[in-house]
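Position one of the sequence shown corresponds to residue 14 (the working numbering), numbered consecutively onward.
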Amino acid sequence: MDYQVKLEIFEGPLDLLLHLIHKNEVDIFDIPIATITDQYLEYLDMMRALNVTVATDFLVMASTLVHIKSKMLLPDYEQGTDEEDPRVEITRPLLEYMNLKSAAEELAEREILQKDVFTRPLDRTLLDEVSKEGPEVEANIFQLITAFRRIIEEEQYETRLKIEAARWSVKEKTAYLVALLREKRSVYFREIFEGQLTISELIVTFLALLELVRAGMVRVFQPTQDRDIRLEAKFENQDDNNE
């Protein structure tokens with residue numbers, strides 16, 4: 014069975030690099046290129062195993078990382094010499110991208126404040142909920158893949174992901190997720206995999222989730238890195254429409 018989920022609408026290769034840098038808690042000016050390259054390639058392998066379409070720019074960045082890694086492993090490469098650090102090739106665009114992203118987020122926050130000021134009363138209940146749960150930070154495709162890999166590892170499924178002739182289709186699992194979210198409106202990421210006994214069913218469910226996120230029907234967020242990802246319905250309940 015052939016499952017294809019477009020990845021381009023999520024994050025680009027620079028987002029993946031930033032995700033790995035934050036995950037490893039390393040200085041952007043002193044990136045452990047071997048570690049980051051290996052982890053980057055692992056993510057691409059995971060995407061391919063899930064039959065997720067990998068955009069060309071991800072592959073270009075992969076070749077760039079491998080080139081930098083091989084250059085730094087050469088016998089004649091020594092740190093502290095006058096030669097420019099090969100990692101500058103990715104550090105510069107990363108810094109530029111971070112500045113652009115920060116500026117865009119600041120503008121978005123200002124726009125939200127301008128819309129809300131003097132028009133919406135302060136909701137103390139909402140503030141109490143936020144203080145308990147923490148800020149709702151949008152989760153990206155890489156955090157979803159990391160969480161999915163963790164579930165597979167914890168359940169001790171085979172790490173070689175091969176989809177056999179499955180009894181489930183992405184369409185069926187999409188309908189299942191829509192029904193679940195229509196009933197509960199918000200669930201933890203782990204909840205959608207409860208009671209699933211095979212790796213094939215897990216993968217098809219995960220692909221169905223990606224399709225719903227791509228379609229803008231589900232929002233994913235993670236209050237902090239050590240908290241479970243939450244899924245929230247962005248579609249209206251049929252019962253609400255009938256009222």
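All C-beta atoms in this analysis are idealised placements derived from N, C-alpha and C, irrespective of residue type, glycine included.
- For the options V217, L33, R203, I44, the alpha carbon positioned closest to that of L57 is the one of L33.
- Between A116 and E109, the alpha-carbon positions lie close to 11 Å from each other.
- Taking every protein chain shown into account, the CB of A188 has fewer than 16 other CB atoms within 10 angstroms, so this residue is exposed.
- Between the beta-carbon of K247 and that of V231 there is about 6 Å, and that keeps the pair under the 8 Å contact cut.
- Per DSSP, the beta bridge partners of F234 are E151, R243.
- Three or more Cβ pairs closer than 8 Å define a contact, and the stretch 33-44 falls short of that threshold against the stretch 69-80.
- Nearest to L27 by C-alpha distance, out of L78, S83, E204, is L78.
- In the DSSP assignment, Y201 is bridged to R243.
- When secondary structure is reduced to three states using DSSP, S115 falls in the helix class.
- DSSP, reduced to helix, strand and coil, places T159 within a helical segment of the structure shown.
- Short of 7 Å from the beta carbon of Q209, and not among the five residues preceding or following it, lie these beta carbons of its own chain, in chain order: L215, T218.
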